[in-house]
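Heads up: the structure comes next, in structure tokens.
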Amino acid sequence: MYNLLKGKRGIIFGALNEHSIAWKVAERAHEEGATFVLTNAPIAMRMGALNTLAEKTGSQIIPADATSMEDLTNLVEKSMEILGGKIDFVLHSIGMSVNVRKGRHYTDSKYDFTTKGWDVSAVSFHKVMNVLYNKNAMNAWGSIVALTYMASQRVFPDYNDMADNKAYLESIARSFGYFFGRDQKVRVNTISQSPTPTTAGSGVKGFDGFIKYAEEMSPLGNATAADCADYTISMFSDLTKKVTLQNLFHDGGFSNVGVSDKVMDTFTED
Ligand SMILES: NC(=O)c1ccc[n+]([C@@H]2O[C@H](COP(=O)([O-])OP(=O)(O)OC[C@H]3O[C@@H](n4cnc5c(N)ncnc54)[C@H](O)[C@@H]3O)[C@@H](O)[C@H]2O)c1
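The sequence shown begins at 2 in our numbering and counts up by one.
This is the structure in structure tokens:
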């Protein structure tokens with residue numbers, strides 16, 4: 002390993018189980034010498050898997066519902082106490098659509114569900130940055146990353162209202178990132194990841210077909226959760242100091258391919 006995060010302090014949201022992208026990021030951040038606090042919604046902690054990760058990485062856990070300003074304020078204050086100073090990196094790895102969970106079709110959304118999913122998946126990113134910014138909790142040249150998916154730019158019919166939530170999330174990264182950069186020299190980016198077999202990913206209808214299609218379309222194949230962790234670590238490191246306000250595609254090239262030979266072959270007769 003490269004000691005890319007030696008001496009850096011972080012907060013990692015969204016590790017639910019060993020498949021979670023945030024779980025892999027935590028493991029890699031630990032390998033690279035970082036210390037960090039792990040956090041998730043209190044309800045997600047009932048399964049207890051996070052304790053295993055905390056032990057493995059020597060981290061403490063602070064429960065926080067990412068839609069609660071009170072929980073987030075407590076999280077940021079306690080994290081600085083535990084870690085012994087300001088924060089260098091934050092991962093927002095949170096997504097949930099109630100419409101998807103309850104099987105509502107996009108054309109028949111229930112708007113209480115829409116609002117809740119939007120708050121959890123998108124506005125929570127604004128809330129996290131609001132607390133960090135107003136508490137002046139980030140070190141200069143710190144890095145904040147949220148995870149997103151390309152359904153924010155192109156149509157993927159079964160991604161449902163998560164497409165709209167991701168578009169909003171990516172916009173928040175730019176809008177808040179401007180002020181964070183100007184005032185505190187902190188960078189804010191989103192990483193647009195390949196379909197990945199996690200709890201949230203597998204919740205999308207037709208996920209199996211979807212991930213195979215992406216694999217066949219991408220010249221480098223799908224990026225795995227472990228690949229995403231590597232990329233995220235580079236975004237937390239000092240090697241990417243001047244990258245901000247970007248939506249960074251991490252998808253094996255999928256986003257710039259019109260069609261691949263493999264996909265063409267399935268339509269070509271002879
Ligand atoms: N899996 C994919 O195919 C894929 C592709 C691109 C982007 N992403 C994004 O990656 C991120 C991580 O998802 P994942 O695939 O690792 O799945 P995951 O299910 O492991 O992680 C989602 C996390 O969100 C947390 N969460 C939900 N509500 C919360 C709340 N109110 N407060 C705090 N945390 C809450 C869950 O507890 C869980 O840990 C999400 O933003 C997701 O949209 C996933």
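Idealized CB from N, CA, C, for every residue including glycine.
Give me the residue from the options with the minimum Cα distance to residue i.
i	options	result
R183	M163, S261 and T245	T245
V156	I145, L148 and A168	A168
Q185	F208, L133 and T58	L133
A164	R175, I173, A174 and T149	T149
N161	F126, F114, T200 and S195	F114
Q154	N140, A141 and L170	L170
P198	H251, S21, R105 and N135	S21
K117	V99, F126, T108 and S110	V99
G222	A27, D252, A141 and W142	D252
E217	N41, F255 and D159	F255
L6	G259, V205, R105 and V91	V91
R29	H106, S238 and N52	S238
D262	Q247, T241 and S219	S219
T108	V77, P158 and L73	P158
I192	N248, W142, F180 and F181	N248
V146	P64, T68, S125 and A152	S125
A215	V77, M139 and N257	N257
From residue i to residue j, what does the alpha carbon distance come to, in whole angstroms?
i	j	result
M130	F177	7 Å
L17	C229	16 Å
G49	I62	11 Å
M81	V264	50 Å
N166	G59	33 Å
A123	D271	47 Å
M2	K111	47 Å
S203	G210	11 Å
K242	N75	28 Å
M70	I13	17 Å
P196	E33	26 Å
A45	R102	15 Å
G277	F37	Residue 277 cannot be examined here, being either before or after the span of the chain that is shown, 2 to 271.
R175	H127	11 Å
V189	R47	31 Å
H93	G15	7 Å
H106	N140	43 Å
Quick check on DSSP: helix, strand or coil for residue i?
i	result
H31	helix
T191	strand
I63	coil
L73	helix
A16	coil
D159	helix
F268	coil
G210	helix
V146	strand
V244	coil
T36	strand
L221	coil
V121	helix
D165	helix
V132	helix
G178	helix
Taking 8 Å as the cut-off, does the CB of residue i come closer than this to any heavy atom belonging to ligand 1?
i	result
K167	yes
G273	Past the edges of the chain, shown from 2 to 271, lies residue 273, and the structure says nothing about it.
A227	no
S193	yes
W142	no
I12	no
T199	yes
M163	yes
A30	no
A147	yes
I62	no
N18	yes
W119	no
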